[in-house]
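The listed protein sequences correspond, in order, to chains A and B.
The opening position of the first sequence corresponds to residue 1056 in our numbering, with each subsequent residue numbered one higher.
The opening position of the second sequence corresponds to residue 40 in our numbering, with each subsequent residue numbered one higher.
Input: a single structure, listed below in structure tokens.
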Amino acid sequence: MKKTLLLVLLLITFGLNTILKADDDFTNAIVKAKTSLKTALDKYDEKEMIKARGQFERILQLKKNTWLVNYYLALCDYHIAVTAMESKDNEKIKKYTQSGLELIGKSLLDRDNFADTYVLKLSLDYNRFQYEMDKMQSIIADVTTDEENAKKYDPTNPRLYLVKGVATFYTPAAFGGGVDKAQPLLEKSVELFGLIKNSDVTLPDWGEETAYAYMALCMLDQDKLTEAKAFLDKGLAINPNSKMLTGYVKKEYDDKVK
Amino acid sequence: MKLLSTALLVLLFSAKVFAADSTATGVIKISGKITNEENKPVSGANLVLEGTIDGATSDEKGMYEFETEKTGTYKLLVTAMDYTNHMQEINLAAGMNMTLDIKLKKSEVRTEEILVTASSFTSGENSKVTLTPLEIVRIPGANADLYRALTTFPGSNQVDEGSRITVRGGDPNEVVTILDLATLYNPFIFDNSYNTSSFSTVDPWSLKGINFTSGGFSAKYGNALSAVLDLKSYEIPTSTGMFAILGIGAGGLSGVYNHKGKFGGSFSVSQTYLKPFFDLNGISQDYSKIPTATGFGGTLAYKFGETGYMKVYGDYSGDKIGIRNTSPSYDGFFNSESHNYFGSYKMSFSPSSGSMFNAGASFSLYDRKSNYGILDTKSKDYYAKGRADLTVQVSDKTDINTGVEYEYLENHIEGIVPDNSYNLKLTAPSRSLDTTANSGRLGVYAETQMRLTDKFFAITGVRSDYHTLSKKISFDPRLSLGYQVSKYNVFRAAVGLYHQYPVPNDYLRALDNNLDAQEAIHYILGYEYNKEGDIVFRVEGYYKDYKNLVALDYNDFRYKSMGSGFAKGIDVFLKYKYENKFTGWISYAYSDSKRRQYDATTQTSSDYDITHNMSFTGSYNVTDAINVGLSYRISTGKPYTPVVSSLFDAAQNVYIPTYGEKNSDRFPTYTRADISVQYITSLMNRFCVMFVAFNNVFDTKNLYQYNYNYDYSQKIDVRSNNIRIVWFGIGLQI
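Written out as structure tokens, the structure is:
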């Protein structure tokens, strides 16, 4: 009896150690890669984003939570595609957006009830407007489905309202967009970010300062300078290194103040 | 106590195992350079020791460097976008410095994307597409009809301004349409109706890929002399939603459904109601019944395994029309009604990596009745087809395709037909008809697609077909070549033998079903400049040598394979796209097509021998929301056979026309201009498109045909019913 108990204890302990070690490796690697991506995004540096992408790609070798790793790879691809928009490099936008959508597809095969995956798919589908306007009808159907799925699995996801708000912010009024329509979505996003209690460091946590940044831009559009400053400060308090806040929103604010 | 100490020992032991797992005995540094086959640095390449997270990403100079504590034999995996994965074994010893330069190979573009053969125009997901689906539906005057859009390409022409097309001087039935694996037997409504343009029943939005080949096509396509329109639909819709269109003459509702990418379906219904459209445009042509058309259909698709799909497709379309026609012997309504049913099943999967198997079966029934004067017929055409194809990628540079198909066609016709086509009076001599003819065809093919070098490709193929009615076998070797001079410049050539068996009804007039397959040899040489589909210039010359065409032997009044002919010409195509602002293209085709076929006694102009044909199509985005399109076409009038005199037949109390040489005269030059405007907006937070179209804006009096008075002494212009019209509507995502 004692021998059996000993054997069971041996197996449990050995297995537990291995699992805990794998968990630690995975968590550490993800946190490190997330930090690299955040730094790259703060600098808005494409080369750094590609390096961060490489870190996530290597984490796939651990063969753990591949749905989450593929999510982050797709997130990197999304941001690289967005940087290509500045240079109007449609070929690059398409390459990275398609790659991101393929990775999202892989992620969904492993886990199809994670709201953030649909939020990211929504962002990538919005990118498609840049290079395949001829499929407008199909893209609109896709983004509608993405939004419905994201709401279904987490109606309180702040990034859903952030992505929708940003898209609405840049959409011409003729197509149902504009600052006035974006503002309620961004307000909702800010409100939901305030309610988040995320204890798992491996999960996505991006976007809060961006929501404040766009709220500041909404206020500037209405010449509400005090409110704009308050949102700008809140954003900077969350991420003082954000190039969007320091390099763009602050400059817009300063220009208005002058 | 003993148990506790043992447990502690176990914990200690586990911890040692845990620590020993990394086999750390010293840091190893690995560095080097990643380049491509042209020795240019590859940046962003990712390196990793398999099973670990140790690795690095190459910088803009292709340099990389990383450290590891792993020792022993490991596989180093290198991945980079646009390059094939590279893996190699390395032996790692503690403390070593390893320099490892790696050369990556560009990933081969799949052959189906790059091996665009001569005379092909493509649409869909291919990056080298000639036209996108949006460009197709925006072509003014095309009414979002795929076939009408194709006639803006050089070499193809409309039949009676409708959706039926002829290619390079050939007959309309020399063009075959394939949807997935099924042949669409008659995908038109208002087909062969008097002075009424036909419309196709194919929805361009449902298509993933369109490949229209006006000559020199692959050995996988059989029983087609002139052209193939190969359509591929989406396996499973990518999204869920519905779209409604409400126009002044027609309305429709379509929907798609996707369930987790595993299961999906689609449906569509459409209905015409032309009374308000006719009233608005003052269309005064006599109709015994306003033309109506109905269509509905749907698909169900299921994904199995990693690569497998199965799909069922069902579709119905029908039309009714009664239109007045005044002929020399009869003044009354031409009435017709047709019902077209189509069903298909398709499955596909990869038996192994680098291979793809497709199989499908389809069935069509085309049920039609028509009457005019004494003529009163009902016909039923049954068409069934089964097909299987296998593609095997034997190397990065070579694909082998092979397949087999069997098709069955049965034509049944019954009713009353006049003894003489010139006398259609209700009292005219006539005979009853009740005949059925059928035939089967078994075809096999094999072809190899080879990229002989990075710049040179060749497709060699051969097919053979056995025809059950004539018991004849045809044998078709085919060759396509392409040489890519530079990134955007390609020369293409094709030569091949093409056969098409006569329709079963032709065999009824032959002795012992002795008709050979009609034959054409295609010779094509062309050049294309294609800058990512934004700027396309193409010029192509062709010669088609026809043999064994069905022709009437006036010695015994039997059909025999004694016809012949040729078609030669030059096609020129220029397309320019400027960002998302403007897309326009100009097509010009010169053609000379002569043949002896059916009742012709010598080689004369073919029915669709259009010497010069030029069209311009342009689409301009005035704002993000407003698009304006313009198209203009000018072409030589099509040939017709004039009546040169007549004789009075007292017994029938009718004049008998005497015809001149077949197709010895031509209609006047054809011109037409169309304009369309689209406004894209949001309605109730849903995508919405409003459109208005003006067809034949200059109200050009193009001719449909010539009629004659009762004794043929006066030739009467019959104007095409495509007069100046306006129509408008709205499409809304639901």
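In this text, a Cβ means the ideal position worked out from N, Cα and C, and glycines have one as well.
Everything numeric in this text was worked out from a predicted model, so none of it was measured.
- Put simply, the CB of Ile1105(A) is near chain B, with a gap under 8 Å to one of its CB atoms.
- Contacts with chain A (Cβ-Cβ distance below 8 Å) from the stretch 664 to 682 of chain B involve Ala664, listed in chain order.
- With fewer than 16 other Cβ atoms from the protein chains shown falling within 10 Å of its own Cβ, Glu618(B) counts as exposed.
- Sequence-distant partners of Asp1080(A) (beyond 5 residues in either direction) whose C-beta falls short of 8 Å from its own C-beta, in its chain, are Leu1117.
- Any Cβ of chain A closer than 8 Å to the Cβ of Glu99(B) would place that residue at the interface, and such an atom is present.
- In the structure shown, Glu108(B) adopts coil according to DSSP, grouped into three states.
- Between Asn553(B) and Leu508(B) the beta-carbon gap is near 10 Å, outside 8 Å, which marks them as no contact.
- For Trp1122(A), the enclosing alpha helix (DSSP H) begins and ends at 1121 to 1141.
- The C-beta of Gly1155(A) comes no closer than 8 Å to any C-beta of chain B.
- Two segments are said to touch when three or more pairs of C-beta atoms, one from each, lie closer than 8 Å; by this definition the stretch 1098 to 1105 of chain A does not touch the stretch 1236 to 1252 of chain A.
- In the structure shown, Ser478(B) adopts extended strand secondary structure according to DSSP, grouped into three states.
- DSSP, reduced to helix, strand and coil, places Tyr1151(A) within a helical segment of the structure shown.
- Interface residue (Cβ-Cβ distance to chain B less than 8 Å): Glu1112(A) is classified as such.
- Per DSSP, the continuous beta strand (DSSP E) segment holding Val295(B) begins and ends at 289 to 298.
- By the rule that beta-carbons nearer than 8 Å mark a contact, Val295(B) touches chain A.
- Boundaries of the alpha helix (DSSP H) harbouring Gln1110(A): 1101 to 1114, taken from the DSSP string.
- For Arg502(B), DSSP records a beta bridge to Tyr484(B), Asp515(B).
- For Met386(B), not one C-beta of chain A is nearer than 8 Å to its own C-beta.
- For the 8 Å CB-CB criterion, Ser1297(A) and Asp1097(A) form a contact.
- Going by beta carbons, Asn587(B) and Gln557(B) fall inside the 8 Å limit.
- A contact between stretches requires three or more CB pairs, one per stretch, nearer than 8 Å, and the stretch 652 to 661 of chain B meets this requirement with the stretch 182 to 196 of chain B.
- Taking a C-beta cut-off of 7 Å against chain A, none of the residues of the stretch 327 to 343 of chain B qualify.
- Under DSSP, Asp420(B) forms a beta bridge with Tyr405(B), Asn450(B).
- Secondary structure at Ile1159(A): helix, using DSSP grouped into helix, strand and coil.
- Less than 8 Å separates the beta-carbon of Ile92(B) from that of Ala1084(A).
- Between the stretch 1151 to 1167 of chain A and the stretch 1118 to 1137 of chain A there are three or more inter-stretch CB-CB distances shorter than 8 Å, so the stretches are counted as touching.
- Within chain B, no C-beta atom comes nearer than 8 Å to that of Met1299(A); the closest sits roughly 24 Å away.
- Inter-residue distance for Leu88(B) and Ala95(B) is about 10 Å (C-alpha atoms, whole angstroms).
- The criterion of a C-beta distance shorter than 8 Å is satisfied by Asp713(B) and Val736(B).
- Using a Cβ distance threshold of 8 Å, Ala690(B) and Ser715(B) do not count as a contacting pair.
- Asp121(B) sits away from Lys72(B), with the two beta carbons spaced by 8 Å or more.
- With 16 or more neighbouring CB atoms inside 10 Å of its own CB, Met489(B) falls in the buried class.
- Of all residues in the stretch 69 to 89 of chain B, those with a C-beta nearer than 9 Å to a C-beta of chain A are Ser82, Gly83, Ala84, Asn85, Leu86, Val87, Leu88, Glu89, reading in chain order.
- Looking at Pro541(B), Pro468(B), His561(B), the one whose alpha-carbon comes closest to that of Asp688(B) is Pro468(B).
- Listed by position along chain A, the residues whose Cβ is nearer than 9 Å to that of Gln772(B) are Gln1192, Ile1195, Ala1196, Thr1199.
- Within the stretch 271 to 289 of chain B, the residues whose Cβ lies closer than 7 Å to some Cβ of chain A are Thr277, Ser278, Thr279, Gly280, Phe282, listed in chain order.
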